[in-house]
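*Asks:*
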């Protein structure tokens, strides 16, 4: 049981480790404008959120990162739009949906770690946690 706790603590530290600095960064892009935004946006797509103009109607106290996936409901072909951005609004996904004509929200994720709206950050954390849990449970059955 102690091994499981060590593994969980290590996972949490690894997932939440942030490069030192005071700037909060998020990926800022739209796949309609730049196709690289859809899957793995490059590092140069990150934006220091604190340098953005604060929206008047902010509903959140701190900056968050958002990843929104919209699909066009009038087009029968795959027409997905991925939007990644800094936000201080809790309803950012609905607001982006209104900007994209005839679209519906396929997925919406709001997170509070540096650059957490990339596709790889969540996957890395999930992978580390999964490996730790599997190792811990396998050790119980093998010994």
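Residue numbers (mature numbering (1 follows the signal peptide of the UniProt record, and there is no 0)): -23 to -1, 1 to 120.
We put the CB at the ideal spot given by N, CA and C, even for glycine.
(1) Using the Cβ count rule (16 or more neighbours within 10 Å means buried), how would you classify residue 83?
(2) Roughly how many angstroms separate the alpha carbons of residue 76 and residue 57, rounded to a whole number?
(3) Going by DSSP, what residue range makes up the alpha helix (DSSP H) through residue 47?
(4) Starting from residue 76, follow the alpha helix (DSSP H) in both directions and report where the run begins and ends.
(5) By the three-class DSSP mapping on this structure, what secondary structure does residue 80 have?
(6) Taking 6 Å as the limit between beta carbons, can you name the residues of its chain near residue 60, skipping five residues before and five after?
(7) Since residue 63 contacts residue 40 with CB under 8 Å, what's their CB separation in whole angstroms?
(8) Express the C-alpha separation of residue 92 and residue 23 in angstroms, rounding to a whole number.
(9) Less than 7 Å between C-beta atoms, sequence neighbours within five positions excluded: which residues of the same chain meet that for residue 88?
(10) Cutting at 6 Å between CB atoms, please list the residues of its own chain near residue 85, excluding the five before and the five after it.
*Replies:* Result, derived from the coordinates:
(1) Flag for residue 83 reads exposed.
(2) Approximately 14 Å between the Cα atoms of the pair.
(3) Annotation for residue 47: no alpha helix (DSSP H) segment contains it, though the beta strand (DSSP E) segment containing it runs 41 to 49.
(4) From DSSP, the alpha helix (DSSP H) with residue 76 extends over 69 to 76.
(5) Collapsing the DSSP output to three states places residue 80 in a strand.
(6) Contacts found: 7, 45 and 73.
(7) With a Cβ gap of about 5 Å, residue 63 and residue 40 count as contacting.
(8) Using only the alpha carbons, I get a separation of about 7 Å.
(9) Beyond the five residues adjoining it in sequence on each side, residue 88 comes within less than 7 Å, by CB distance, of 41, 42 and 94 in the same chain, given in chain order.
(10) Apart from sequence neighbours up to five positions away, the residues of its chain that approach residue 85 with a beta-carbon distance below 6 Å are 45 and 70, ordered along the chain.
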